[in-house]
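Worksheet: one structure, shown below.
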Amino acid sequence: MNTDLKQQTSQTSVQELAKMGLIAALYIAVTLVVAPVGFGPIQFRLSEMFNYLALLHKRYVIAVTVGVMIVNFFSPFGLIDVIVGGLSTFLVLIISRAATKHIKNLKMKMVVMAAIVVVSMFTIAGQIYIVSEQPESFWFMYLTIAAGELVSMTIGGFIIYFVNKKFDFSK
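What follows is the structure in structure tokens.
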């Protein structure tokens, strides 16, 4: 491998890691800003808007998953939230990328992803229901978590859509 190609590959790797680190850090920061309502049976995580970045480039699947796992260490549910939340996020992002692979319109991709993410909240509701002493039923938790996710994804969808017009996240 010639030196120029090696240096270019090295720079690309550093740029990729920097972009991933920035998104993971933003996910953590935005979640912690709303921390009292970022965890538990009634949730609002505006940071979920970063899920949409996974539609624009595969590197963000890892970035968002790492962000979720790190911030979930602050959860009152501890390590179980790190594992379940991280695994759930990773799978949902992979499923969303696969489900929208042949959709050309970004707005439609985002709508499909939002639906997948909102429906997937049964994993988080199930985890909280099983490990907590909350008196709420599973269905009440699922409804409140899914509703919070729908609001987060809707607001975040507008933000990501318009920011992506200025800064192309697919590059």
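The sequence shown begins at 1 in the numbering used here and counts up by one.
For every residue, glycine included, the Cβ atom is placed at its ideal position computed from N, Cα and C.
Scanning its chain for C-beta atoms nearer than 8 Å, with the 5 sequence neighbours on each side dropped, one finds around I128 the residues G40, P41, F77, Q134, M141 and I145, in chain order.
Positions of the alpha helix (DSSP H) runs, each at least 4 residues long and wholly inside the segment 24 to 108, are given as 53 to 56, 59 to 71 and 79 to 99 in order along the chain. Here D168 is exposed. Its C-beta has fewer than 16 other C-beta atoms within 10 Å. Proximity of the segment 52 to 71 to the segment 85 to 100 meets the contact definition, three or more beta-carbon pairs being nearer than 8 Å.
Under the DSSP assignment, K165 falls in the alpha helix (DSSP H) whose first and last residues are F138 to K166. By alpha-carbon distance to G85, the top candidate from I124, M110, N105 and K109 is I124. When the beta-carbon positions are compared, L55 and L106 come within less than 9 Å of each other. Per DSSP, F169 is not a residue of any alpha helix (DSSP H), being assigned neither H nor E.
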